[in-house]
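Worksheet for the structure shown next.
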DNA sequence: ACCTAAACTAAGCAAGTGCTTAGTATTAAT
DNA sequence: ATTAATACTAAGCACTTGCTTAGTTTAGGT
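Residue numbers (the numbering used here), protein chains in the order written: chain A, 1 to 188; chain B, 1 to 188.
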């Protein structure tokens with residue numbers, strides 16, 4: 001009865017996500033999204049409601065991409081703390097695009113919107129962070145008989161460290177990042 | 001011969017800085033600056049040239065404020081690594097405004113503008129970072145006979161950690177931040 | 001072939017962006 | 001009191017913002 005869409009929502013969202021990842025939320029305009037996604041504003045609004053809708057889908061897309069490219073590997077590994085360390089190195093590669101580090105989209109968003117972030121956005125962020133922290137805890141439990149309290153603290157430590165790595169990767173060179181990662185895991 | 005200014009540039013810049021600190025660069029409009037600084041756009045442009053000019057002066061103002069409120073204390077301290085640890089705790093207080101953590105203006109800027117930041121802005125950032133790293137090195141040298149290479153690595157480690165703290169302070173609670181700081185200094 | 005529901009195009013909306021400028025007020029030296 | 005240099009006010013510039021809408025095209029069920 002009705003005409004078919006000329007685009008696949010998952011495909012155009014991936015392109016939107018890349019744009020948000022490079023530019024941030026506020027600095028990315030709907031006109032830029034139009035060009036990058038290759039569809040008209042009408043299509044954007046009819047598929048995703050508004051700019052925030054596009055962003056929320058982009059966050060979900062980022063979660064999927066991160067899961068596929070680096071998180072699944074962490075999940076599968078039985079190498080304990082070393083698996084987490086490897087995840088840190090994997091993250092740097094993951095966030096790099098032609099020698100430009102884009103950081104982590106989630107961290108970028110926290111830093112840009114902070115506590116004034118909309119509730120739906122916030123829930124995506126918390127969702128993502130909880131997932132990663134859970135895996136860190138899982139891997140920390142593999143190594144030795146640390147008590148739950150120590151593991152909890154170390155997981156918090158690693159979460160903050162990862163955010164530092166995200167920001168720092170935008171300015172620091174590889175050597176400095178290596179220094180950071182090596183030192184981070186020295187005490188664990 | 002000529003009329004006097006009704007405002008003091010240092011005073012209005014401090015207000016601009018607070019706004020940029022809360023909102024970021026791009027999201028802060030000249031109209032918002034007008035209101036916050038309490039002067040007309042004409043005055044803003046005649047005193048600082050353009051929006052970027054206001055921002056650069058704001059960065060300098062931030063540097064001064066940070067120096068006065070937390071960096072000088074670090075500089076004076078002879079407590080080695082503990083002085084740096086105290087600096088981390090001081091930073092959290094420094095960045096807090098009515099229970100809202102604004103992070104570090106420098107880190108916020110790096111995260112927002114990344115490598116595409118204008119050269120003058122970049123130079124303020126590098127200037128600031130170099131200063132802090134220098135102090136970290138100074139304090140690390142106090143403690144024990146570490147070789148230069150180790151100290152350099154540890155300074156890099158601390159610089160990235162501090163950026164993590166800046167971002168994380170926007171979302172994490174005090175307990176998690178404490179876990180992070182305590183763990184950070186455990187290996188040093 | 002006709003109809004209808006949805007997808008498209010492109011123009012347009014009010015409001016906001018960084019910045020400028022014409023006109024007026026204030027200062028201090030003459 | 002006149003002059004000239006600067007500071008101020010407020011209106012306005014062209015452009016961009018997120019979003020809408022009128023008009024057209026495309027699809028499948030009848």
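Virtual Cβ for every residue (Gly too), placed ideally from N, Cα, C.
- Using a C-beta cut-off of 8 Å, the region 96-107 of chain B makes contact with the region 8-23 of chain B, since at least three inter-stretch Cβ pairs fall below that distance.
- If you look at residue 109 of chain B, you'll find it in the alpha helix (DSSP H) that goes 105-113.
- Within the region 15-45 of chain A, the runs of alpha helix (DSSP H) that reach at least 4 residues and sit entirely inside it are, in chain order, 30-37.
- The C-beta of residue 86 of chain B comes no closer than 8 Å to any C-beta of chain A.
- Taking 8 Å as the cut-off, the Cβ atoms of residue 87 of chain B and residue 180 of chain A do not count as close.
- Ranked by Cα distance from residue 36 of chain B, the first of B:54, B:66 and B:1 is B:54.
- Residue 153 of chain B and residue 65 of chain A have their alpha carbons spaced roughly 32 Å apart.
- For residue 50 of chain A, no chain B residue has a C-beta closer than 9 Å to its own C-beta; the minimum C-beta separation is roughly 18 Å.
- Taking C-beta atoms under 8 Å as the contact rule, residue 160 of chain A and residue 165 of chain B qualify, at a distance of about 6 Å.
- Within chain A, no C-beta atom comes less than 8 Å from the C-beta of residue 96 of chain B; the nearest is roughly 12 Å away.
- Between the region 102-119 of chain B and the region 57-76 of chain B there are three or more inter-stretch CB-CB distances shorter than 8 Å, so the stretches are counted as touching.
- The Cβ atoms of residue 121 of chain A and residue 109 of chain A sit closer than 8 Å to each other.
- Excluding residues up to 5 positions away in sequence, 92, 165, 168 and 169 lie with their Cβ nearer than 7 Å to the Cβ of residue 177 of chain A in the same chain.
- Around residue 20 of chain A, no beta-carbon contact reaches into chain B at under 9 Å, the shortest distance being about 13 Å.
- Sequence-ordered contacts of the region 112-127 of chain B with chain A read 112, 114, 115 and 125 [C-beta pairs closer than 8 Å].
- C-alpha of residue 125 of chain B to C-alpha of residue 163 of chain B: approximately 13 Å in a straight line.
- Taking 8 Å as the threshold, the shortest C-beta distance from residue 141 of chain B to chain A does not fall below it.
- In this structure residue 30 of chain A is in contact with residue 44 of chain A, their Cβ atoms being roughly 7 Å apart against a cut-off of 8 Å.
- Only those residues of the region 143-168 of chain B whose C-beta falls short of 8 Å from the nearest C-beta of chain A are listed: 152, 153, 154, 156, 157, 159, 160, 161, 162, 163, 164, 165, 166, 167 and 168.
- At a C-beta separation below 7 Å, residue 78 of chain A has no neighbours in chain B, since its nearest C-beta there lies roughly 24 Å away.
- A Cβ-Cβ contact shorter than 8 Å links residue 142 of chain A with residue 78 of chain A.
- In the structure shown, the three-state DSSP call for residue 144 of chain B is coil.
- Residue state for residue 177 of chain A is assigned as helix, using DSSP reduced to three classes.
- For residue 59 of chain A, the three-state secondary structure derived from DSSP is helix.
- The three-state secondary structure of residue 100 of chain B, taken from DSSP, is strand.
- Look at residue 162 of chain B here: in three-state DSSP terms it is helix.
- In terms of beta-carbon proximity, residue 179 of chain B lines the interface with chain A, with at least one pair separated by less than 8 Å.
- Straight across, the Cα-Cα distance linking residue 4 of chain A with residue 50 of chain A is about 21 Å.
- When 7 Å is used as the limit between beta carbons, residue 26 of chain A is near these residues of chain B: 26 and 27, in chain order.
- Proximity of residue 46 of chain B to chain A, defined by a Cβ-Cβ separation below 8 Å, is not satisfied.
- DSSP, reduced to helix, strand and coil, places residue 117 of chain B outside both helices and strands of the structure shown, so it counts as coil.
- The continuous alpha helix (DSSP H) containing residue 74 of chain B extends over residues 72-76.
- When 9 Å is used as the limit between beta carbons, residue 136 of chain B is near no residue of chain A, the shortest such separation being about 13 Å.
- Contact of residue 15 of chain B with chain A by beta-carbon distance below 8 Å is absent, the smallest such distance being about 20 Å.
- Membership of residue 95 of chain B in any alpha helix (DSSP H) is not indicated, and neither H nor E is assigned to it by DSSP.
- Around residue 172 of chain A, the beta-carbon contacts reaching into chain B at under 8 Å are 156, 159 and 160.
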